[in-house]
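What follows is a single structure, written as structure tokens, with notes after it.
Chains as they are written, first to last, in this note's numbering: chain A, 6 to 409; chain B, 6 to 409; chain C, 6 to 409; chain D, 6 to 409.
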């Protein structure tokens, strides 16, 4: 038998941290004894608990301790973190500490140092100036000092949003049977608050935003400054440009809803022309693109990343064909983002979820419940799912944030 | 080998009748030879084709001919229909002709008589006055003369709506990736046209209409005369009343979206009180119910049928606990209905679909693509599916039909 | 300000009871102070906590206390329950205590009495012999003594299944991305254990069991004694009989998978013939039905309830057209049921979920995640969802329980 | 008014070509007159029709003619195709002919030449040796002679599979309510037939194949030679390796189904180690990977393409980070593929669908109906959808193709 004492603190009851920790221990076939527990008297007081964890052998206990840490249960007795230098570019040392997206501290030279930029599924590199950063695997270089093992690392358990809100708790958080106007109003409120405190709003857009007719609404949100960063793929940008360029130049009215029948090649022509101009921005300047979401981004200077995918036609010249570079470009734009709106995007929403800190308010809007579930399953637990029609939802956002 | 000549007429190419008929023949392991075909020169001209169908034996051919008739392929040579009197209440004679919901004629005494009220899955009864009616199984009585076999029956193949429209054709008709504002506008247009020509509009409502916050919009549609008949279940009516009564009497605001958490018993209390009053109408008169969809129905004299289901609490006193009587009550209200809106209802939508003539314009609105598919699979081929959020959709209907 | 002390006990941490209670209090706009808390040292020890709840006024506090009780938080100081006699058949007294499906005790004459048959959404009637029973609204009679208010009622909070199991916890419990063979094995294990301890297994079957080809597997489970009670609707029974009767009598092979194209009227003919025999059992005896699920039920004496619904054709003579009677018939068969398998049924699954005690192990198998969510949203929190293909799932059950 | 005569031939009735053509004309606001029509007498005879199409102006007519061609309706009078040389790498000349995935012929020097490799959304390049090839936009080079406009191009309309089969027609082709064992058997039969005639079988695999426990089944299919080419992403390969490597090395049993709880970092460790080895193949040789789908691919020499995506962790060293290169690598492996199995993959399935000729038998297996719909909406009309649990489906394939 092997044993170790771990502690959790924060809103361990109502944010379910303690329950989750107990569950993980039992699910692993190990056991626990509660040593002591202090429950905050009011709902704003923090609580704290210490558990003695026992397992059949050290290997199991070690694996379990790693797991528990990801849920905010840290070993009580901790020495300095063990640091091992990389001996190969793009490869971590064996036993590297794999990060969560939660606030994390690392003990170096007997001092606890906050990790600069929490991001899940990375390693922790201690820089020469003493700072600690998360680094994705492909960017680690020979000589980087990487944290190995679970010694000297503390993770703060996740907090769920406090106060009454229309997003339900613990049952089926993503049911489609919710009052939708309320959800729109709640998202509007959070966007407003984030902007007031100087935060940025990120929109991650899938092509269905355009297909469902919400392109002009989305563009209005950009034009009026409600969206500060935009992530999307080749499809979204292409259909956005296509709906603007082809809607006026060919006489086939986008408004009639019959355009999808005609013009199977329109998106190709649009991509081809933008390639000729060299970039979306050049096509805007030349007057080829005169409206739409991408147009507004260019005009307003809203930065965007178009990440490539293997299904892309063309692609547009602004698309990153290298997906590793695309993710790095996304990382570069994330500091300051406080609200993330995932709008009918699966691929880019999950990609973005992978990069976001746990404290970014994230809303995943999709008509398909499974997409929302998938995002949460991939570790973005802070994401609140809204199962609704993205076309009508974005229209609602625009009406409330921009006006009729 | 057995053979027979069948003919189809109408828009057999573009309404896919001929293709479907060929498909059914081959799928049954039989074969066909095209005897002659006349294709209308313009898109409004009717076409006509005659096929010789051959099968391995008479039994297979007979089964196939029955099947073909359901798709509008009728035998060329027809004698009078064979009539057999029922010898038992609620049971048809063996070999009874099972109906479709398509326009049907029956040959009696060498004359072709139009069936009064096409309805699928019924029998055909020739009345003493010479009229022919569809009769559901449970209502047939000893002595009723029922059509047996496929002799002397002609069915007119289904026509699909003509002209450009935003509902796609032949591929995935129920994709969620459609311009939703256009679909709303199209449904609005059809509702307006139906009303202008004196037709009735039927709404079949599921509880999600209330859960998603569209109750007040739905009520406004009733109040302003856009809904002439309403079908629903105990759940819809209960939650409609609950959201109105409890929203004001208990201080728990429906608008906050947190009411679902509190008040797990509210719907029971509402049902209990309405039972005490004896009916929804009595509860309205007594002032207990002072708003909502059911309130507006009572005030405006819009007839409704609340069909019971085995999951019902209570139920409300207006609910038909006997489902066979409920279906009969629905049948009674259908004459004159030209547009049917199925709003987030599975059970009652399919029940209604079973009763509707093929020429009733039917829109099935649900966030779940499978529900729409199911309705179509159950034989309501005329139903156009709209995969969207019913809350936002009904709000859109109200904005365009009633105003902001 | 109004205040009251409540207590919770049991596995209040890991079954999330305490977190839920705190959440309900805050969601209602009230507040709490933790008076004391005792956490069980090991995972089998029970815990206990007392909270002082404060709200702005008595009305809000009262509503909240009712709500809290449904989650197992009971007032500390309790007098006898208030009993009010019904003054009208089928109507509870105002303020009646609405039940959950959790273990409940009522204080009468200073003694705590266990409720015989926990069922949600009922009232509590104290019988003359001192027993306390849940009674559905429609069955209460003038003079019945019904518990009113929340005084003198204690509810025990829900426990979730203990120990490691493949059903995930707290995140998306109904994801389709689970190892399916494991889920099958786990359900098999629970069925075996229930049978070993003398419990009954209930199957609630939807028509998709037949459509997906699992009819013979389902029948084998009945034949070998693994299913003790069966609930279904007209559709399931009809398609079960149709697939057996028509598969052999007409030569159209069910095995070819093309039968759905042909024979649109087959289900009607089957219903008509069974109506002629008078019952499924009579049709079995007469040899008309010689295989299938309903056949095995008749042969083995497995009781079944076929609840009517408003979409039914026919219906079969065994179907209860009165849904209130159908639910009563289902209630009659529930005692002793320890495992409930909801197989691709929405309507009857929710109906059954309404009637089940919280401690019946319930598995909801459906290819549609929304169905599973819906069941849980309706209050059947103990239901474990399995998002999979019911045809292949039931085949798996049969292979492991009956053999190849 | 502008007019032009087009003709269609082939199975224009039962493959719905003629109906679709009429529909496209009317949807565009144009009109047609049927000049003559010849319907094949038997189901194997081809048919032929000529239509005069009229539109308000030349621009509309031109756009319509392009659209009609994509459905197999070609202009009767055709001159040589117009060829324009590219003046910029990666950009087609304006007005380039955008391809479908249907058999296509181009008229050069008065001769009709078959296009080598039909692929949708490409351009047509006439090589110096007289051959005509489809070329994706990014690969066209300065000087390449590209077909412009619709003159001199003939497309053969799509044929749907003939003969009775369990895949339904024209209604909801992707309903989940199908006999699943039959669908498995049908796919098995088509795989066998393709192999017998020397064709290759392509599997496109998503991570859910592993998550649902079908990894070993999938590996057996590779090992026994039933899969000739494999396309997937970083996730599939990673989880495949993880389930094999971590299942044995860490003692956390994959079989218990609880592994997903533990080991949140396992996939990262696996990626890291394979990166250290340099490739999957090197890791196999070193004995680090000793089982699973990727292992079998390496052992058997089955070529695979792992296309990168912006959500990837790591990625594995075999993953193409450049998606344009990934698509080219996939193109390289497609010749000879006659059956494509899309197994719970959205991204890579659509990517593959974009590259496949219309005559490759394609099966899209997913538990989510929307995924199947999406593939078809993207132009892969030949894809037959199977809405089922991929875990149980692949297990079924293995049982029938490999044995128990």
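Glycine residues also receive a C-beta, built at the ideal position from the N, C-alpha and C atoms. Keep in mind the model is a prediction, meaning the values are calculated, not measured.
For the candidate residues the options, whose alpha-carbon lies nearest to that of residue i?
i	options	result
residue 204 (chain B)	B:12, B:344, B:290	B:344
residue 65 (chain D)	D:409, D:8, D:299	D:8
residue 210 (chain B)	B:364, B:201, B:223, B:46	B:223
residue 333 (chain D)	D:350, D:318, D:313	D:313
residue 310 (chain D)	D:325, D:304, D:374	D:325
residue 100 (chain C)	B:154, B:270, B:16	B:270
residue 134 (chain B)	B:128, B:141, B:121	B:121
residue 6 (chain D)	D:32, D:36, D:188, D:16	D:36
residue 30 (chain D)	D:401, D:72, D:119	D:72
residue 390 (chain C)	C:409, C:27, C:356, C:348	C:348
residue 340 (chain A)	A:360, A:321, A:47	A:360
Let's test the definition: count the other Cβ atoms within 10 Å of the Cβ of residue i and tell me whether it reaches 16, buried, or not, exposed.
i	result
residue 456 (chain B)	Residue 456 (chain B) lies beyond the range of chain B shown here (6 to 409); nothing can be said about it.
residue 132 (chain C)	exposed
residue 115 (chain C)	exposed
residue 117 (chain C)	exposed
residue 126 (chain C)	buried
Would you verify that the beta carbon of residue i is, or is not, closer than 7 Å to some beta carbon of chain B?
i	result
residue 185 (chain D)	no
residue 160 (chain D)	no
List the DSSP bridge partners of residue i.
i	result
residue 58 (chain C)	C:9, C:37
residue 347 (chain B)	B:209, B:369
residue 79 (chain D)	D:12
residue 403 (chain D)	Residue 403 (chain D) pairs with nothing; no bridge assigned.
Does chain C have any CB closer than 7 Å to the CB of residue i?
i	result
residue 316 (chain B)	yes
residue 371 (chain D)	no
residue 394 (chain A)	no
Measuring CB to CB, does residue i end up less than 7 Å from residue j?
i	j	result
residue 207 (chain A)	residue 234 (chain A)	yes
residue 143 (chain C)	residue 95 (chain C)	yes
residue 353 (chain C)	residue 238 (chain C)	yes
residue 298 (chain A)	residue 245 (chain A)	yes
residue 226 (chain B)	residue 403 (chain B)	yes
residue 112 (chain D)	residue 86 (chain D)	yes
residue 77 (chain A)	residue 13 (chain A)	yes
residue 395 (chain B)	residue 189 (chain B)	no
Step through the CB atoms of chain A and report whether any lies within less than 7 Å of the CB of residue i.
i	result
residue 23 (chain D)	no
residue 47 (chain C)	yes
residue 390 (chain B)	no
residue 7 (chain C)	no
residue 267 (chain D)	Note on residue 267 (chain D): pLDDT 45, under 50, position unreliable in the model; the coordinate value appears next. Yes, contact with chain A.
Taking 7 Å as the threshold (beta carbon to beta carbon), is residue i in contact with chain D?
i	result
residue 107 (chain A)	no
residue 86 (chain A)	no
residue 241 (chain A)	no
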